[in-house]
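**Student:** This is the structure I want to talk about, given as structure tokens.
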Amino acid sequence: MLRIQGLVKVYPGPITALAGLDLDVPAGMFGLLGPNGAGKSTLMKILAGLLEPTSGAVTLDGEDIVARPERVRERLGYLPQEFGFYPHLSGEQMLLHLLRLKGVEAPGGLKALARDLLERVNLGFAAKRAVKSYSGGMRQRLGVAQAIAGNPRLVIVDEPTAGLDPEERLRFYHLLTELAQERIVLLSTHIVEDVAVLCPRFAVIRGGRLLVTTTPQAARGDLAGTMFEGIAEGAALADLRAQGRVTQSVLVEGVNRVRVHQPEGAPPAGFEAVAPTLEDAYLVLMNESALAGARA
Amino acid sequence: MKRFLEVLWLDLKEIPRRPLFWVLLLILAFMAFSLSNGNARIGTGDVRVGGARAFLTSEFAQTQYLMLIVALLYSFFAAIAAGMILIRDEEQKVGPLLHATPLTPGEYVWGKYVAVLLGFCGVLVAHLGITMLFNHAMPHASNQEAIGPLVLANYLKPALLFALPMLVLVTGTSFALGALTRKAALVFVVPIAGLLLGALFLWDWSPVWLPPAVERILQFVDLSGVRWINDTWLEVDRGVAFYNHAPVGLDGLVIAQRFACLALGLGAVGLVHARFPALLRGPKTAKAKQGAQPDVVVADMADAIAPTGAMAAIGMTSRAPGFLRAAWDVARVELRELRSHPGLYLFVPLILVQTLGEVVSTGAFDTPLLLTPGGLAVRQMGALTLLLCMLILFYTTESLQREKSAGIAPLFLAAPIPTAAMLLGKSVANVVVGAVIMLAALLGSIILLLVQGTVPVRLEPFLLLWGVLLVPTFLLWTSFVCATFTVTGSRYATYAIGLAAMAATGWFQFRGKMSWVTNWDLWGTTVWSDISVLELDRIALVLNRALALALAALFFVIAVRFFPRRERDAAQIVHSLSPQRLAGHALRLAPLVLLPLVIATVLAYLVHDGRGGAVNQKKERDYWKKNSATWRDAKLPGLTAVDLDLEVEPRTSEVRSRGTYALVNRTADTLTAIPLTGGRFWKDVRWTVDGDSAQVEDRAGLWVVHPKRPLVPGDSVRVGFAFHGKFPNGVSKNGGTLMEYVLPSGVVLTGFANVGMVPQLGYLAEVGVEEDRNKPDPREYPADWYKRKLAAGSPMFENWITTRLRVTGPADLQHNATGVCESDEVKDGKRTTVWVSDAPVRVFNVVMGRWQVKQRDGAAVYYDGRHPYNVDEMLDALVAARRWYGEWFAPYPYRELRLSEFPGLATYAQGPSTNITFSENIGFLTKSEPKANLAFWVAAHEAAHQWWPLIVMSADGPGGEVLSEGMAHFSTVLLVEKARGLEQRMAFCRQIEDRYGNIRRADGERPLVKMDGQLPLEGRLIYDRGGFVLWMMFRLMGEEAGRAGLRDYIATYRDVTDDRPLLEDLLEVMRRHAPDPVAFDAFTAQWLFDTVVPEFLVDTPSLARSGDAWSTVAKVRNVGRGRVRVVVAAARGERFADPAKLVKSKQPAYADARRVVELGPGEEKAVTIPSTFAPERIVVDPDVEVLMLRRSKAQAPIPAPAGRGGPALAAR
């Protein structure tokens, strides 16, 4: 269990990145959803032992990892949001280096393990090439390879699917799912689909605060019977936006197909009821918290 | 233009936020303040009170200062600032955004460059402003004489002409290096190359034989301008009045050079501009062997979902890797990075060039030295330390920065390797850089030794000096840099602090403020001797190195402790500064702080109590304070005999001395007290008078013995003394040399030093006198001073004395002492020898060593078996000296003339009667050549001291030293010509003439009859001008008359007891024998009573032919002082060429035709020289018979005549 209690992080400015976060993360996949600037990456860095919090506590299986960050590093797989590699090393050499730094051991030896991991992330063909020649997606996959290496108790992946094409994203989902069977995998993302596919539970944070901890099913269920979709243009669309009810607006073949959240009363004319998606639930939550913030 | 200005303005605004600029400005301000306080002086002028002083504020002074400070200081900061600009943009990943706008490469590149250049121009302006403020608005009261009027041009002109082009050069080339290579460490190549090649080679290396054309090339190549100004304006001193007021005249070469600096700097930036589009695009085609390899496309979604088996089946586990394993993993990757780094491949040649420059090191009389492993190793210590500290600073900082720059920091820092292992791994990898550089220097040294071929190659000195001594320095510096980086978290702050630390170290070294406690880089402390390997100050050296290692450990722990493994929280930082937390930190660090503190304390105590420390200095000051007024001019009895029993134990440096002085009152006064000076290391001092215990007053080291009854004129007394002590007594302040000592490798003790084995008669005026505190200006003597009855320079030399020396030491050490050895007995592990003077002597000494000996014809050389190289030459010189000096001057009075080698813990030679002593790097390691038997010269000079002044002791006063050192050099000229021929004599004369020209100062030079060695560098002038001029005088008189005069002089003054001669006395005697007294007077008036020295230029030589006759016409001008008759020759061919080579090369044999011309100051005469051959050059004074300045200018090639026949000779 990863337990976060009253976690606060204030940067000089002052800028409050985390305003007292309480969260329990059990074993398995757990999503952390939030807009840019919500404090997700700050939280990830604190959990990875790369950033000191202003106050608060974090324990992993009962061990205080704020006071002793070296203890989390021994059991950590970490894929940060932004990272690089030594450009002159090949992918295999870079991975081997990181495996050694992480103290990874495998029955078949590290070289065999490195090759296996690179195959898993579809980089086997480029193992001997210098990292500086890798595309963005290839670098991301190499990052994934080092994050899943070893037997980490806690895996933190921060915006992991950025730069991955659909096939690679599927491959990554499979890897993460397999990993989550026996450990805590914390997936931080602003892509709702990732959470919807992978996470049995997730939390939403915004402005450094936890808005809700729930499951995708429960989140969708909360919106049952309140989502409607239709076409709206011009003043009507503007009016709907002004009311804060629009969750999505997509231009399809020249017309705006709009999804609105209507908890009470009749939906706009021409709108039909639709099954809510997790994205709807997320956007409704963001709207409501924004409105609550504005009112405050 | 707008975009260019936008880029420029943005970077300019950044400059005040960068620590580099502020640290540089602080250092410059400190230096300006120190200079205005008089903490550094320009080397010209007259240092006496009221003497003409060089202005700090003159254009010459400011030009020199700016040249040096830009080359040595500005260049490093500028290289970092300029070289890192584009690298920084790349690391910050702003490139894709910037270059996706209409911003052109030119606007970007020039905008960036001009900003940094303007930044340093701003620093330069601020620097000048601060300098003017300290010099003119706030001048230090004690340095007013060095401050001239405020002339803005004195500051602006050097800044514009010299500083600015150098800044453009350094910033431009560093900018290009950084931009084109993207390797941060490479940006330092330019300043390091400048430092190594300039400061350690180009600025100083100017041997006599260097052709003028090569000289000019080197002036151009040294882009700092230092060599140019030295050669053009400073080599021949023009006097303070000139330097204080004259502008620095420019010539075509320096103007071209300044433009070359601008062109190179701006051209380098232009290159970046031209290459920038390609740099942005990347290489046009991939390498052939890579080919185009597209990503593999997954054909089947099922494959994408489950491409391989379950991960659990792999069986991976992980745990924190072991410390050493982790360190090795980090080091391995660092080393791989270094292997591909071009930095090593650039710095290695630089150090090789510097090593090869060692081939031209010089020793006594500027004679070149044989290269030995120890000599090479110790001479390169400074350069190696400087270069490696620079490289460690750059490589370590970049290594620590690497993860941040590459973006891998989150992964790297989140790995479970210990921080200490990470830092250790990086440090180990950077140590390899140092090791490669040292290996390169070692390889270069071995190559030099193999090419030289004379001295065997040995690795032990390199391992000892570079391995054992230098490695702690590098460990300390590495850990300091690590700690600085981790505490500041900034690469640029680390560079700034590192460079500031090095600059501060250099400044304190320069000011002589370092000691064993603070000299972390061991600069200037180590003296190498093949015979005495690091014996001197050994305990201080060991403690200093232990301190370095202890501090290295402390800094390493600080680095680990404060390494930003985790970004610190600001509030947590404030909390950690609470007293409680601070106390906790302090307690944890206490053990590591305690060790260096203890070592430093012990070392400071040793220095304080040692021979160079405060205790000793106080003793000497007390000696001076208590006695200078009372005993300075006390009348003294004369020493007539010495009976000494000396016992030494070199293992503990113990000396036990017991002896008796026989004294006679040869004054006209009754003496009731006899002052004697003892050594500061003496203990349990006891005195007797005529065998009975004596009543003695101890006046801070001056012992006043009262005879039992007053000593009337003619009366005699025996004063006995006994003491013991350790010598050397304790460690020095900061290493260096020592002239006398008792050490396991050898013993050197004389009877005329102020610390030695016997008391010195009288008060010693030089003890307790400190340069800046109580040193008086040199005494000024009336013109008739020589007519008075004068005493010798030391009462110990006043009389002829007989000596009986009984010397006891370890059995394995041989002895040599004054006189002949009556007995040599070895018993119970001790050797006892008894030495008795076979004729009266002036001074006596004792020296011990482990020698081999070569002897012949009453002369012997005792040498260490490792230094046999020049023994035959030195023996030849001794034998020739005995014979010819004996024939020319006076027969040698003693049975033997010995020369003994001692460890080179100081470089000097001394010539006590019968027992000359040479340190190993005088003569024994001189690099003799067939055309210049330098070992012979040196031995001939020292042998001459057996006559001058030991046979005719000169008086203490002006010109007295000329009768010693000047006469010795003069005698050497005669002996070299007699024994080795004209070519060698000419070479010797050129050597001493060149030395004279280099060191004389027009304002500070006194006539030879006034020189007493008290002014700076006057000692060397006495040798060189004295020797050459006395030889010119001898030639003027003719050999027969000259020798007759010298014999008359010896006969007159040899046995006087109360009227020692000065130079005028010699001249009076010589004049009596001069065939032409008028000419003699004219000569002495110019050369001995004045400071004239001519300088000749040859203009417009031309050649005409008539049949087989040739006629050379040239104008010869004397641009110096003095009226001289000088030979002008039209010459052809190589003089003194090897005949066999001549035949082989079919070159014509040497021939010359001569005319004599007399020229006064400023006069020019046309000289016509007929010859029967076609001359190639005009040479003034071809036989080197007239002392002159800049002899290389006193010749000119003769252009070949036009057409086959050439212009016909004009009808006469």
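If you're matching them up, the sequences are chains Y and G in order. Every letter in the first sequence is one number past the one before it in our numbering, and letter 224, counting from 1, is 1477. Every letter in the second sequence is one number past the one before it in our numbering, and letter 303, counting from 1, is 327. C-beta atoms are modelled at their ideal positions from N, C-alpha and C, and glycine is treated no differently.
From the DSSP output, read off the bridge partner residues of G:P834.
**Tutor:** G:K854
**Student:** Where does Y:P1419 land, buried or exposed, given buried means 16+ other C-beta within 10 angstroms?
**Tutor:** Exposed is the call here.
**Student:** Take the Cβ of G:R562 as the centre, count every other Cβ of all protein chains shown within 10 Å, and call the residue buried at 16 or more, exposed below.
**Tutor:** So G:R562 ends up on the exposed side.
**Student:** Could you check where the alpha helix (DSSP H) with G:N640 kicks off and where it finishes?
**Tutor:** Segment 638-655, the alpha helix (DSSP H) holding G:N640.
**Student:** Is G:D881 helix, strand or coil when you go by DSSP?
**Tutor:** coil
**Student:** Taking the straight line between their C-alpha atoms, what separation do you get for G:K1189 and G:F1120?
**Tutor:** 11 angstroms
**Student:** Would you mind working out which of G:W648, G:L44, G:V997 sits nearest G:G792, comparing C-alpha positions?
**Tutor:** For G:G792, the closest alpha carbon among the candidates G:W648, G:L44, G:V997 is that of G:W648.
**Student:** Which residue spans inside the region 903-978 of chain G form an unbroken alpha helix (DSSP H) run of at least 4?
**Tutor:** Counting whole runs of 4 or more residues, the region 903-978 of chain G contains the alpha helix (DSSP H) stretches 958-968.
**Student:** Would you kindly work out how many angstroms separate the C-alpha atoms of G:W552 and G:F225, rounded to a whole number?
**Tutor:** 21 angstroms
**Student:** Can you name the residues of chain G whose CB is closer than 7 angstroms to the CB of Y:A1301?
**Tutor:** Going along chain G in sequence order, the residues near Y:A1301 (Cβ under 7 angstroms) are A438.
**Student:** What whole-angstrom Cβ distance do Y:L1363 and Y:V1448 have, given they're in contact under 8 angstroms?
**Tutor:** A Cβ-Cβ separation of about 34 angstroms leaves Y:L1363 out of contact with Y:V1448 under the 8 angstroms criterion.
**Student:** Report yes or no: is there a C-beta of chain G within less than 8 angstroms of the C-beta of Y:T1414?
**Tutor:** The C-beta of Y:T1414 comes no closer than 8 angstroms to any C-beta of chain G.
**Student:** Chain G beta carbons: is any one of them nearer than 8 angstroms to that of Y:N1404?
**Tutor:** yes
**Student:** G:A686 by DSSP, collapsed to three states: which one?
**Tutor:** strand
**Student:** With DSSP as the reference, label G:Y132 as helix, strand or coil.
**Tutor:** helix
**Student:** For G:S847, list the residues DSSP reports as bridge partners.
**Tutor:** G:V858
**Student:** Determine, for Y:V1263, whether the minimum Cβ-Cβ distance to residues of chain G falls below 8 angstroms.
**Tutor:** yes
**Student:** Using the C-alpha atoms, what's the distance from Y:V1513 back to G:K428?
**Tutor:** 46 angstroms
**Student:** Quick check on this structure: which residue in G:M446, G:R1009, G:E115, G:V962 has the alpha carbon closest to the alpha carbon of Y:H1350?
**Tutor:** G:M446
**Student:** Taking the beta strand (DSSP E) that G:N869 falls in, what are its first and last residues?
**Tutor:** 869-873
**Student:** What is the residue span of the beta strand (DSSP E) that G:I241 lies within?
**Tutor:** That residue, G:I241, is in no beta strand (DSSP E); its alpha helix (DSSP H) goes 236-245.
**Student:** If we ignore side chains and look at the alpha-carbon of each, how far apart do G:Q1110 and G:L1045 end up?
**Tutor:** 16 angstroms
**Student:** Residues of the region 596-614 of chain G in Cβ contact with chain Y at a cutoff of 7 angstroms, in chain order, please.
**Tutor:** Q596
**Student:** State the start and end residues of the unbroken beta strand (DSSP E) segment that holds G:R723.
**Tutor:** 720-723
**Student:** For G:I825, does the three-state DSSP call read helix, strand or coil?
**Tutor:** Correct three-state label for G:I825: strand.
**Student:** Around the C-beta of G:H965, are 16 or more other C-beta atoms found within 10 angstroms, so that it is buried, or is it exposed?
**Tutor:** buried
**Student:** Taking the continuous alpha helix (DSSP H) assigned at G:K799, which residues delimit it?
**Tutor:** Note, G:K799: premise wrong, no alpha helix (DSSP H); not H, not E.
**Student:** Taking DSSP as the reference, what is the three-state secondary structure of G:E673?
**Tutor:** strand
**Student:** Can you check whether the C-beta of Y:G1362 is within less than 8 angstroms of a C-beta belonging to chain G?
**Tutor:** no
**Student:** Among G:L32, G:V1102, G:T827, G:P915, which one has its Cα closest to the Cα of G:A1075?
**Tutor:** G:P915
**Student:** So, for G:L412: in the same chain, excluding its five sequence neighbours on each side, which residues have a beta-carbon less than 7 angstroms away from its beta-carbon?
**Tutor:** G458, I461, F498
**Student:** Tell me whether G:F283 is buried or exposed, calling it buried when 16 or more other Cβ atoms sit within 10 Å of its Cβ.
**Tutor:** exposed
**Student:** Within 10 Å of its beta-carbon, does G:P927 have 16 or more other beta-carbons around it, so buried, or fewer, so exposed?
**Tutor:** buried
**Student:** So, G:L700 versus G:P661, is the Cβ gap smaller than 8 angstroms?
**Tutor:** no
**Student:** Can you tell me which of the three DSSP states G:V73 falls into?
**Tutor:** Note that G:V73 scores 49 on pLDDT, short of 50, meaning its location in the model is unreliable; the coordinates nonetheless yield the value given after this. In the structure shown, G:V73 adopts coil according to DSSP, grouped into three states.
**Student:** My guess is that G:M781 and G:L670 are in contact by the Cβ rule of under 8 angstroms, so how many angstroms apart are they, rounded?
**Tutor:** 6 angstroms
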